Amino acid sequence: MIQAKARPLLTIVLAAGKGTRMKSDVPKVMHAMAGRSMLGHVLALATESGTTSTAVVVGPDMPTVRAEVATLTASASVFEQTRQRGTADAVLAARSAIAAHQGDVLVVFADTPLISAETVRKLVSALDQGAEVAVLGFHAKDATGYGRLVTDGLLTEGVANLLAIREHKDATPVERQIDFCNSGVMAFRTPELLTVLDAIGTNNASGEFYLTDAIAIMRQQGRRAVAVAGQEEEMLGVNTRAHLAMAEGVFQRRARARAMADGATLIDPGTVWFAYDTKIGRDVIIEPNVFFGPGVTVGDRVTIHANSHLVGATLEDGAQIGPFARLRRGTHLGQNTKIGNFVEVKNAVFEAGAKANHLAYIGDARIGTKANIGAGTIFCNYDGFFKHRTDVGAGAFIGSNSSLVAPVKIGDGAFVGSGSVITKNVEADALALARAVQEVHPGWAAKFRAVMSSRKARK
Ligand code: UD1
Ligand code: MG
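Written out as structure tokens, the structure is:
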């Protein structure tokens, strides 16, 4: 079978808006959903949608936005929109990228973090039927604030002939009745895109250059425009914190359903919070109130007891954690390891079968296979200036309430007596005691009581 060669696709991500309604010092698109910025979600979408080059339009003084682009899509070119004069003006900030490009142009808003690559690919492929622009739309339960898609009413297989887009502020009462809305994603296959964009003016309620005006202009020029209908759930545009919470809700509902479909038990799904990249194996049991930050991979047959918090951690098959476990960045739990209640682990490897069952801090360490870390043990990894490592050998036993002052090594099979403050290495199979020697004075307490009670009686 001969496959048509895909046309080059330039994706322009609009991320310059200040997002005044977020009431924030953080640029709108840097607000996070499921542990990743909205911009991050949209950059990933661009990559997954078959983009061949990406251009991101940012506002002035947005170093965090630039840094996010540099980290996630290093190949993207970044353009600055000096003043936020509307979405058409924002696209034109990437003028040189459009001028240099031969192929399709996709415009996506960085405040629309839930759209799937499959939906975008469907939109781009709608151009194959002769339209010069395809707009991704959806039927909204509450259309307030969205641009309305004015069509000739004919919708075949989810594709309608698009006549114009009317922004909410500019719509007549009759147009406001339309529930078919603009998601903001548009695909263009028009060689004269720049000419179209340059024709857009500011004669509207906001005094802005609306990208959405491109449709009426193209229709007047006799070009074909279509709207492709998608699922409302994907299209949510985030303009306020309430919208952000709604987007998070949609993401979490899907992530919980996926985890369960893949064979995990969530006792109370609504209280388990996943990150965008959480990986969960089979026969995993997750009790209520568990939070996953970015970078967590959970193997098979793992149990996560209630109220645990995990970020940047790998849990191999059969590990058990919690209740109230905190796993931080760089935690690696080997097979059948156990991290109990009120235990915090950071940048530490637990080899198979190792345990820390209660009340401990383990940081910058290796815990050898089957070693046991007693209750109340603290790894003193920080001297106020530098972090140091602790190494606990296989089968070692650290007695309760010990402090291991790093850098320090405990040999295989060694014992540390409880209450010890260990500052020197302990050789394999040795016993280390580093605490005051116990004194016992027989009869002392009885004598003390007698003296004190007669003194009190004399008062
Ligand atoms: C926009 C659409 C509306 C659509 C809705 C979908 C226009 C005129 N309106 O409205 O039809 O239903 O999205 O969510 O396009 N941006 C810039 N520079 C600017 C202005 C905006 O980069 O000067 C960026 C923003 O960062 C944002 C995106 O463009 O990522 C959309 O801007 P926003 O102000 O949120 O537009 P909406 O009012 O939501
Ligand atoms: Mg918006």
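In the working numbering, the protein residues as written are 2 to 460.
Quick reminder that beta carbons are idealized off the backbone N, C-alpha and C, glycines included.
Remember, it's a predicted structure, so these values are computed and weren't measured experimentally.
Beta-carbon gap between residue i and residue j smaller than 9 Å
i: V464; j: V186; result: Summary: the structure shown does not reach residue 464, with the chain confined to residues 2 through 460, and so no result is reported for it.
i: G264; j: V285; result: yes
i: T52; j: L107; result: yes
i: A161; j: F181; result: yes
i: L128; j: V134; result: yes
i: E530; j: A35; result: The structure shown does not extend to residue 530, since the chain spans only 2 to 460, so no value can be given for it.
i: G335; j: V350; result: yes
i: I79; j: A56; result: The amino acid occupying residue 79 in the given sequence is Val; Ile does not appear at that position. Contact flag set, yes.
i: E288; j: H306; result: yes
i: S403; j: I423; result: yes
i: P324; j: N337; result: no
i: L156; j: A230; result: yes
i: L195; j: G87; result: no
Cα-Cα separation, residue i to residue j
i: T145; j: G294; result: 33 Å
i: Q82; j: G202; result: 17 Å
i: V66; j: V239; result: 17 Å
i: A243; j: H359; result: 39 Å
i: P61; j: A71; result: 16 Å
i: A1; j: V125; result: Residue 1 is absent from the structure shown; the chain starts at 2 and stops at 460.
i: I13; j: D90; result: 12 Å
i: I216; j: A200; result: 11 Å
i: Y383; j: R390; result: 9 Å
i: D143; j: K170; result: 15 Å
i: A395; j: D413; result: 5 Å
i: H102; j: L10; result: 8 Å
i: I218; j: K29; result: 30 Å
i: M236; j: R327; result: 35 Å
i: R450; j: R436; result: 28 Å
i: H442; j: S455; result: 22 Å
i: K19; j: A75; result: 23 Å
i: F483; j: G341; result: The question about residue 483 has no answer, for the chain in this structure spans 2 to 460.
i: T298; j: A95; result: 38 Å
i: D105; j: R220; result: 18 Å
i: G296; j: A314; result: 6 Å
Cβ neighbour criterion (16 or more within 10 Å) applied to residue i
i: V58; result: buried
i: G354; result: buried
i: E100; result: Sequence inspection shows Ala at residue 100; the Glu mentioned does not correspond to that position. Classification of A100: exposed, given that the 10 Å Cβ count is below 16.
i: V43; result: buried
i: A262; result: exposed
i: C37; result: Per the sequence shown, residue 37 should be read as Arg rather than Cys. Buried.
i: G319; result: buried
i: G41; result: buried
i: F252; result: buried
i: S421; result: buried
i: S25; result: exposed
Residue list, Cβ distance to the ligand MG heavy atoms smaller than 5 Å: D112, G238, N240
Three or more C-beta pairs below 8 Å linking the stretch 104–118 and the stretch 196–211: Contact fails: fewer than three Cβ-Cβ distances are below 8 Å.
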